[in-house]
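Residue numbers (my numbering): 3 to 224. Quick notes on the structure that follows.
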């Protein structure tokens, strides 16, 4: 599992999670990922957004999986992103149980994490194998990202790198708290439809593919 994390809310984690999943599913990563079926899991219980971005209702979702429903029957394929599926958010008391069940997914699992360093934000990091930090180049956001990097390391979830979004200056950082900045993309109104942002996501997806996210076997219902 890959956690898409960042200390500040509204910095683009949800869009990044979906964009990277789309890049992994497309096979344009320099690795053999064209048969991967990425699953994005929204773990933000307070302000979930993935279902809004994807144009789906929130139910059924994470709670239904935690209650014992078959994973492949609950996740929903995204019509706008071929090969990508979404598990929508639920209640905080069910996150851990649901993430244990999600390990059976046949493909990369990408966790859209809550912001901050509170227990809700830390919980998905405990289940992830790696983390990608998403941040703007604003000083406050960079400071929050550094704290999240340190938290991830303490939990044994090493960061694969950093993605700088909504870049406002040409001199974006090349590293953050010892983590390499994999890509830096500008602010655009429609990141899912922008070619430069897509290229940034593809660079990040290539790095993720190189680390070989784990795979098992579950069939998705359509």
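We put the CB at the ideal spot given by N, CA and C, even for glycine. Computed from a predicted structure; not experimentally measured.
Measure from the alpha carbon of residue i to the alpha carbon of each residue in the options, then state which is nearest.
i	options	result
residue 91	25, 54, 185	54
residue 93	111, 70, 65	65
residue 27	57, 63, 110	110
residue 181	107, 171, 163	163
residue 123	83, 145, 141, 153	153
residue 205	85, 166, 189	166
residue 200	70, 83, 98	83
residue 114	145, 125, 107	125
residue 71	103, 194, 44, 43	103
residue 100	193, 47, 133, 17	47
residue 136	156, 196, 202	202
residue 119	139, 156, 88	156
residue 139	178, 127, 105, 128	178
residue 183	133, 195, 197, 193	133
residue 213	15, 105, 161, 145	161
Determine the burial state of residue i: buried for a count of at least 16 other Cβ atoms within 10 Å of its Cβ, exposed for fewer.
i	result
residue 121	exposed
residue 49	exposed
residue 216	For residue 216, the predicted model reports a pLDDT of 42, less than 50, meaning its position is unreliable and no value from the coordinates is stated.
residue 95	exposed
residue 209	buried
residue 85	buried
residue 12	exposed
residue 87	buried
residue 141	exposed
residue 192	exposed
residue 227	Nothing in the structure corresponds to residue 227, since the chain is present only between 3 and 224.
residue 16	buried
With DSSP run on the structure shown, which of helix, strand or coil describes residue i?
i	result
residue 44	strand
residue 125	helix
residue 20	helix
residue 26	helix
residue 196	coil
residue 156	helix
residue 203	helix
residue 211	helix
residue 1	Because residue 1 is not part of the residues shown, which for the chain are 3 to 224, the question remains open.
residue 74	helix
residue 147	helix
residue 116	coil
residue 64	helix
residue 33	For residue 33, the predicted structure reports a pLDDT of 49, less than 50, and the residue's modelled location is therefore unreliable. The matter cannot be settled from this model.
residue 94	helix
Spatial neighbours of residue i within its chain, please: CB distance less than 7 Å, with the 5 preceding and 5 following residues excluded, ordered by chain position.
i	result
residue 130	3, 4, 5, 113, 159
residue 59	53
residue 128	157
Can you list, in chain order, the residues of its chain whose CB lies under 6 Å from that of residue i, leaving out five sequence neighbours each side?
i	result
residue 185	165, 202, 205, 206
residue 2	With the chain represented from 3 up to 224, any question about residue 2 goes unanswered, as that position is not in the structure.
residue 33	Legend: pLDDT at residue 33 = 49, less than 50; position of this residue unreliable, value from coordinates given subsequently. Hits under 6 Å: 211.
residue 196	190
The region 147-154 touching the region 14-33, judged by at least three CB pairs closer than 8 Å: no
At least three beta-carbon pairs within less than 8 Å, the region 5-19 to the region 70-77: no
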